[in-house]
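S.K.: Going by UniProt numbering, the sequence shown opens with residue 1, and the numbers climb by one from there.
Using N, Cα and C, we set each Cβ at its ideal position, and we do this for glycine too.
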Amino acid sequence: MPAKTPRSVPKPRRKAASSSSRALKKAKKVNQAKKKGRTAPFTSKQVSTFYFKCVLDDNGEPTAQFVCRCGVQRRMEPNTGYTNLLGHVFMWHTNFVAEMTSASANNGTLVGFIDDKTHKIFSWIDMVLSCNLSFSFCETEAASNYVKIGSLSTDSLVKYMSLLVREVETVIGSILPKSFGIIFDGWTFRSEHYVAVFASFRHDGKAQNILIAMAPIIDDNVDDLTARSHVKFLDTILSYYGRSKANIAYIVGDNCAVNGAVADKLQVPMVGCASHRLNLAVNLLLAGDDDLLNKVQKLMCKIKNSLLVSAKLRRKTHLHPVLNQDTRWSSTFDMVKRYFELKEFLCDDDDDEVVACMPTRREEKQLKAILVNLKMFESTSKKLESADDVTLLDVRDLFDALIAQKPEVAHYLRADADIVKSPGFERACVNVLLGRESTLSPDEEAMLDPLAAETSPPPRPSEA
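1. Starting from the C-beta of D254, find all residues in its chain whose C-beta is less than 6 Å away, skip the five residues before and the five after it, and write them out in chain order.
2. Whole alpha helix (DSSP H) runs in the segment 150-222 with 4 or more residues, listed along the chain?
3. State the DSSP-derived secondary structure class of M358, mapped to helix, strand or coil.
4. Rounding to the nearest angstrom, what Cα-Cα distance links I183 and V197 in this structure?
5. Excluding the 5 residues preceding and the 5 following L413 in the sequence, name in chain order all residues of the same chain whose CB lies nearer than 7 Å to its CB.
6. Using alpha carbons as the reference points, say which of K45, M447, R38, Q46 lies closest to I248.
7. Quick check: V336 and L371, are their CB atoms within less than 8 Å of each other?
8. Which stretch, first to last residue, makes up the alpha helix (DSSP H) that contains P442?
9. Could you give the first and the last residue of the continuous alpha helix (DSSP H) run that contains G81?
10. Taking M358 and L299 to be in contact with their CB atoms under 8 Å, please state how far apart those CB atoms are, rounded to whole angstroms.
11. Any idea which residues DSSP pairs K316 with across the strands?
12. Going by DSSP in three states, Y241 sits in which element: helix, strand or coil?
13. For V165, does the count of other Cβ atoms within 10 angstroms reach 16, so buried, or fall short, so exposed?
14. In whole angstroms, give me the CA-to-CA distance for V222 and S229.
15. Could you tell me the alpha carbon to alpha carbon distance between A33 and Y194, rounded to whole angstroms?
16. Comparing alpha-carbon positions, which option in N79, M91, T63, L56 lies nearest C70?
17. Would you please state the rounded distance, in angstroms, between the beta carbons of F52 and V67? I believe it to be under 8 Å.
18. Please report the Cβ distance between S48 and L85, rounded to the nearest whole angstrom; I am assuming they are in contact, meaning their Cβ atoms lie under 8 Å.
19. Do the CB positions of Y241 and I149 come within less than 8 Å of each other?
20. I251 by DSSP, collapsed to three states: which one?
In structure tokens:
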């Protein structure tokens with residue numbers, strides 16, 4: 001008989017999911033989402049690390065046991081998640097969010113919630129920048145022997161520093177208003193010209209001057225350091241923060257021709273550096289005393305460079321000679337003041353060259369008059385440089401007081417001096433600060449419109 005062909009067994013059909021099973025699965029997903037969100041605004045790892053510490057064995061090796069701040073021990077195997085630890089926190093520390101937030105506020109830091117890797121990277125960046133170390137220091141033998149924050153390669157250090165720069169640029173770009181001021185200063189070092197750029201604006205009711213760049217002007221198409229190259233440099237820097245030169249409302253800088261040309265190209269007003277104007281005024285005041293000041297300078301150089309004279313002086317006093325620096329008028333004040341402090345120790349010196357450099361009584365009387373004048377300017381200089389919120393009104397009051405004492409310095413310090421690039425803008429700012437908005441002319445109102453659009457009252461341009 002022919003063999004019977006086996007019948008194919010039909011496959012069982014999958015039962016359609018009932019509405020109750022679908023609801024159950026949906027509920028499970030909701031519960032899982034709720035469980036993930038129960039630790040917000042902290043992560044599960046941060047909550048577990050805050051309350052639990054790993055128990056070490058006799059050899060100092062970590063175990064699977066963790067002890068809570070309240071003394072309860074829980075077990076957590078490696079790579080099993082934080083469910084067991086979080087269960088205790090949710091049950092017995094229901095107010096954990098408030099406790100963790102309060103702890104961070106009291107300490108002023110979130111170090112307790114930061115993992116070891118992040119803390120190590122931050123520590124390396126902080127140490128390298130604070131101590132002005134080379135990036136390759138983290139791979140040196142000295143670092144491996146004496147630095148106990150963990151090893152880090154140079155490539156990793158540079159990588160995370162670059163990422164940090166991007167984050168800082170993002171934060172600054174988020175708070176930069178539509179219109180703001182630019183404060184910049186330049187200097188040349190070994191034939192390389194550098195520029196430091198600050199953004200000046202009001203944020204949270206306070207004046208902010210944030211450094212946004214400190215870099216050399218590099219442009220293969222520009223062979224000079226004229227206004228055109230500075231404008232291009234500013235536009236390039238601002239692009240990193242989502243802004244352009246069109247967002248600049250005014251600039252603050254030294255009262256030089258290049259900065260004035262930059263303001264003209266940007267078509268914005270310029271506020272000249274008040275300290276620079278004060279320096280020019282002091283040099284004008286001392287122009288007739290150059291010979292006497294050079295004599296005191298020669299005396300200080302003699303004391304400093306002569307081994308015999310300096311040795312005699314060290315036996316009498318701990319004071320050292322002070323030399324005048326051409327770039328800072330305040331050094332002239334320090335030099336004259338130091339002369340009178342050293343005078344009593346130099347009078348009995350029998351060195352002929354020292355005696356020849358000593359000022360006569362008439363010259364000393366002239367030096368005392370110079371010192372009195374410089375003390376007045378020194379006080380003004382400290383007020384300009386020490387306060388972070390010096391306004392154009394404060395500058396005007398200080399300069400008017402100096403002009404009242406010494407009218408000859410009005411050449412640089414009066415409101416409409418030739419050195420002032422934008423007297424109308426400065427006058428308008430002073431009137432607003434005095435509450436005299438009604439006296440503004442249409443042109444002055446137009447100059448202040450970019451500032452008034454962001455805050456009310458308009459921001460106060462700070463002096464460099």
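M.R.: Taking the coordinates as given:
1. In the sequence shown, residue 254 corresponds to position 254, counting from 1. The beta carbon of D254 is closer than 6 Å to those of C273, H276 in its chain, skipping five residues each way along the sequence.
2. Segments of the alpha helix (DSSP H) lying fully in the segment 150-222: 154-175.
3. To locate residue 358, count along the sequence shown from 1; it is residue 358. Under the three-state reduction of DSSP, M358 is assigned to coil, being neither helix nor strand.
4. Reading the sequence shown from its first residue, position 183 is the one you call residue 183. Reading the sequence shown from its first residue, position 197 is the one you call residue 197. Approximately 6 Å, taken between the alpha carbons.
5. What you label residue 413 is simply residue 413 of the sequence shown in a count that begins at 1. Excluding positions up to five away in sequence, the list reads R277, A281, F399, L402, I403.
6. Position 248 of the sequence shown, counting from 1, holds the residue named residue 248. Closest option to I248, Cα to Cα, is M447.
7. Looking up residue 336 in the sequence shown gives position 336. Looking up residue 371 in the sequence shown gives position 371. Against a cut-off of 8 Å, the Cβ pair of L371 and V336 comes out as a contact.
8. Here the question's residue 442 lines up with position 442 in the sequence shown. Run containing P442: 442-452, per the alpha helix (DSSP H) assignment.
9. On the sequence shown, residue 81 is found 81 positions in, with the first residue counted as 1. Looking at the DSSP string, G81 is not in any alpha helix (DSSP H), and its letter there is neither H nor E.
10. Here residue 358 refers to the residue found at position 358 of the sequence shown. Here residue 299 refers to the residue found at position 299 of the sequence shown. With a contact defined as Cβ atoms closer than 8 Å, M358 and L299 qualify at about 7 Å.
11. Sequence index remark: in the sequence shown, residue 316 carries index 316 (1-based). Among the bridge pairs identified by DSSP, K316 is matched with none.
12. Looking up residue 241 in the sequence shown gives position 241. The three-state secondary structure of Y241, taken from DSSP, is coil.
13. Within the sequence shown, residue 165 is the residue found at index 165, counting from 1. It counts as exposed.
14. Counting from 1 along the sequence shown, the entry for residue 222 is found at position 222. Counting from 1 along the sequence shown, the entry for residue 229 is found at position 229. Any reading at V222 needs caution, since the residue's pLDDT is 45, under 50, leaving its predicted position unreliable; the model's value is listed next. Looking at the two C-alpha atoms, the distance is approximately 7 Å.
15. On the sequence shown, residue 33 is found 33 positions in, with the first residue counted as 1. On the sequence shown, residue 194 is found 194 positions in, with the first residue counted as 1. Low local confidence applies: a pLDDT of 46 at A33 is under 50, so the model's placement there is unreliable, with the coordinate-based value given in what follows. So the alpha carbons of these two residues sit roughly 53 Å apart.
16. Position 70 of the sequence shown, counted from the first residue, corresponds to residue 70. Comparing Cα positions, the closest option is M91.
17. Translated into the one-based positions of the sequence shown, residue 52 becomes position 52. Translated into the one-based positions of the sequence shown, residue 67 becomes position 67. That pair is a contact at about 7 Å.
18. Residue mapping note: residue 48 aligns to position 48 of the sequence shown, counting from 1. Residue mapping note: residue 85 aligns to position 85 of the sequence shown, counting from 1. Cβ atoms of S48 and L85 come within 8 Å of each other, at about 4 Å.
19. Counting from one through the sequence shown, the residue named residue 241 turns up at place 241. Counting from one through the sequence shown, the residue named residue 149 turns up at place 149. Not in contact: Y241 and I149 (Cβ atoms no closer than 8 Å).
20. Taking the sequence shown and counting its residues from 1, one reaches residue 251 at position 251. Note: I251 maps to strand in three-state DSSP.
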